[in-house]
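J.: Quick one: the structure is below, and I'll ask about it shortly.
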Amino acid sequence: MELQTTTYKGRHVALLERAAALVTRPDGRGLCIMEAGPGLAVKYLGRMARVGSPVRPVAKGIETVVRRLPLPDAWLENYETVEIIAAFGPRTAVTVVDINPRTVGILGRRFASRGVTGIRADLASAAFLETPGLAAPFDVAIALSTLGRIPPHRQAAAAGNLAAAVAPGGLVLEDMIDMTAHGPLEAIGAGIYRRLP
Ligand SMILES: C[S@@+](CC[C@H](N)C(=O)[O-])C[C@H]1O[C@@H](n2cnc3c(N)ncnc32)[C@H](O)[C@@H]1O
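Per the working numbering, the sequence shown starts with residue 76, numbered consecutively.
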């Protein structure tokens, strides 16, 4: 469990909706999306910490303290995974990867009926793409506010894995670095890249 706040409601919805409008939809099947680093917030506090909430600073401060407690799983909630499904459509299959086994366990169990699979993996690992169950390449690979939580000397490896996890023509969403230095990608919008053929 990270001690600082990790996510809040609606954080990247505008970016997700912009990307969903640009994605090329495969014929006859739903999109396959990899989400690296979904994060978990303390129940209700992550909703109160959304941008524009009048109690955002207070909610973030309280959450920073409360998440140090040994909270049961039921007290933790996720927003980004369901926001991805809402943006890209209900037939979307999301593979959630996170270095934190508790995060992927909670999301895999909670959203299994909505096409979500949880896999514990280190995005910066040299063996990331060989992680059992990781069915790369994906139509879209997403790592939002995640690379910044990886030590600087490992960020290039993580960015390379993110670029390699998406099929040619697919999209990469990353909001912290210039991804064109880390794979055959062209920037097509702020935080949005397309994998070149
Ligand atoms: C700041 S949270 C971002 C949450 C969410 N994506 C958002 O934007 O609100 C960072 C997430 O990255 C995960 N993470 C950190 N290092 C990682 C790594 N090496 N591989 C995979 N996930 C990692 C954390 O466990 C956490 O879920």
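C-beta atoms are modelled at their ideal positions from N, C-alpha and C, and glycine is treated no differently.
Predicted model only: the values in this text are computed from it and were never measured.
Which partner residues of Thr-170 appear in the DSSP bridge assignment?
T.: In DSSP, Thr-170 forms a bridge with Met-109 and Thr-192.
J.: Only counting the same chain, and skipping five residues up and downstream in sequence, which positions put a Cβ closer than 6 Å to that of Val-88?
T.: Excluding sequence neighbours, Val-88 sits near Glu-158.
J.: Go through its chain and collect everything with a Cβ distance to Pro-259's Cβ below 6 Å, but skip five positions before and after it.
T.: Contacts found: Leu-271.
J.: Is His-228 near ligand 1 - that is, is its Cβ less than 7 Å away from at least one heavy atom of it?
T.: For ligand 1, not one heavy atom lies less than 7 Å from the Cβ of His-228.
J.: For ligand 1, is there any heavy atom lying closer than 7 Å to the beta carbon of Pro-175?
T.: For clarity, residue 175 is Asn in the given sequence; the question names Pro instead. Under cutoff, so the answer is yes.
J.: Ignore the nearest five residues each way along the sequence and tell me which others in Gly-190's own chain have a CB closer than 6 Å to its CB.
T.: Around Gly-190: Ala-168.
J.: Mind checking Leu-144: buried by the 16 CB within 10 Å criterion, or exposed?
T.: Exposed, by the Cβ-count rule.
J.: Measuring straight from C-alpha to C-alpha, what distance separates Arg-122 and Ile-217?
T.: One C-alpha to the other measures close to 21 Å.
J.: Ends of the beta strand (DSSP E) at Phe-213?
T.: Per DSSP, Phe-213 belongs to the beta strand (DSSP E) from 213-218.
J.: If you measure between the beta carbons of Val-117 and Val-133, is that distance less than 8 Å?
T.: Contact flag unset, no.
J.: Apart from the five residues just before and just after Leu-91, which ones in its own chain have a Cβ nearer than 7 Å to its Cβ?
T.: Correct list, in chain order: Glu-158, Ile-159 and Ala-162.
J.: Run the CB neighbour count on Glu-205, radius 10 Å, all protein chains shown included, and call it buried at 16 or more, exposed below.
T.: With fewer than 16 other Cβ atoms within 10 Å, it is exposed.
J.: Going by the CB atoms, is the gap between Leu-182 and Val-172 shorter than 8 Å?
T.: No.
J.: Quick one: which unbroken beta strand (DSSP E) runs of 3-plus residues sit fully inside the segment 77-151? Chain order, please.
T.: Listed in chain order, they are 107-111.
J.: Tell me whether Glu-261, by its Cβ, gets closer than 7 Å to a heavy atom of ligand 1.
T.: Not under cutoff, so the answer is no.
J.: Buried or exposed: which applies to Arg-269, given that a residue is buried once 16 or more other Cβ atoms fall within 10 Å of its Cβ?
T.: Arg-269 should be labelled buried.
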